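Here the structure is laid out as structure tokens; the discussion comes afterwards.
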Amino acid sequence: MEKFWAHLISTQPDPESWVVAVSALGALVLVGFRMPWQVSRGLITIAHEGGHALMALVTRRKLEGIRLHSDTSGVTLTRGRPTGPGMVLTAMAGYMAPPLLGLAAAWLTEMGHITLLIWSVLLFLVCMLLLIRNLYGALILLATGGAVFALIMYAPADAQQVVALVAVWFLLFGGIRPIIELQRKRSRRQARDSDADQLARLTFLPGGFYVFFFLLVAIVSAAFGAYLMNPL
């Protein structure tokens with residue numbers, strides 16, 4: 129156990145600046161182009177729904193489960209008061225989760241804790257799997273968790289570092305695009321049950337305010353995360 133703990137909290141050397149820059153470019157390709165985004169967007173959904181679930185637990189709402197769908201959408205099912213701070217915070221947590229997780233991951237990376245970061249991702253996926261209530265969601269989490277476990281067990285340290293860097297950038301950049309997509313759908317009246325519109329019904333503020341707030345959190349997180357990663 130002591131050896132595992134020492135391994136878990138061990139630090140890795142800082143990556144070369146060009147490695148950080150290339151990993152950022154790779155993440156931009158995943159987020160910025162349609163085909164890779166359609167494939168990878170589900171990973172952002174996992175973080176999104178995980179944010180809802182975590183906040184539901186923190187605010188002591190009853191968490192009934194999570195569903196992930198093949199169109200990269202998802203839903204977190206909770207029970208409790210239909211109004212009030214707990215419901216508001218739970219609804220707010222989804223779109224903020226990916227960029228904030230990316231910021232936390234950037235901090236761990238900047239501190240050299242790549243191993244701790246990867247194991248934390250695996251633990252997060254295992255916890256999500258315990259809450260999944262549909263087959264597709266279970267398969268996606270098993271596949272993702274299996275890939276992370278294989279990375280831990282079989283990949284050399286340099287490969288782990290590169291994958292971790294791409295994942296950090298992906299969370300930072302990928303936290304922005306869904307918010308932009310949300311506002312486009314809202315402008316066409318295609319997202320009347322979105323988190324922002326649910327929050328508008330729960331509070332006195334319009335849905336557009338929450339879209340702006342989500343976007344602000346995502347952009348600030350990406351900017352500060354990029355500063356921590358410091359590829360230049």
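According to this note's numbering, numbering within the sequence shown proceeds without interruption in unit steps and concludes at 360.
Cβ atoms here follow ideal geometry from the backbone N, Cα and C, with glycine treated the same way.
Values in this document were obtained by computation on a predicted structure and should not be read as measured data.
From the options, residue whose alpha carbon lies closest to that of residue i
i	options	result
proline 227	Gly335, Phe337 and Pro306	Pro306
serine 138	Gly273, Leu344, Thr237 and Leu257	Thr237
glutamine 311	Leu136, Ile174, Tyr223 and Arg188	Tyr223
valine 345	Thr204, Ala221 and Asp321	Ala221
isoleucine 260	Ala351, Leu196 and Glu144	Leu196
valine 148	Ile308, Ala175, Arg209 and Ala234	Ala234
glutamine 140	Met239, Val339 and Phe298	Met239
threonine 331	Leu253, Gly179, Val249 and Pro213	Pro213
valine 276	Thr187, Val291 and Ala266	Val291
Beta strand (DSSP E) segment containing residue i, residue limits
i	result
glycine 154	First-last for glycine 154: 145-160, but that is the alpha helix (DSSP H), not the beta strand (DSSP E).
Bridge partners - residue i, DSSP secondary structure assignment
i	result
valine 203	Arg195
lysine 190	Arg207
isoleucine 260	Ile194
Residue i burial status per 10 Å Cβ neighbour count (16 or more: buried)
i	result
glycine 317	Going by the sequence as given, residue 317 is arginine instead of glycine. So arginine 317 counts as exposed.
arginine 169	buried
threonine 211	exposed
glutamate 177	buried
Extent of the continuous alpha helix (DSSP H) run through residue i
i	result
aspartate 323	323-330
leucine 273	One detail in the question is off: residue 273 reads as glycine in this sequence, not leucine. Start and end: 263-282.
isoleucine 307	305-315
glycine 214	213-238
aspartate 286	285-302
Chain B within 8 angstroms of residue i, Cβ atoms only
i	result
methionine 163	Given the protein chain composition of this structure (a single chain), no chain B is represented.
Distance between beta carbons of residue j and residue i, contact taken as under 8 angstroms
i	j	result
alanine 175	leucine 229	5 angstroms
leucine 258	alanine 266	Contact doesn't hold; Cβ gap of about 10 angstroms is too wide.
arginine 209	methionine 215	6 angstroms
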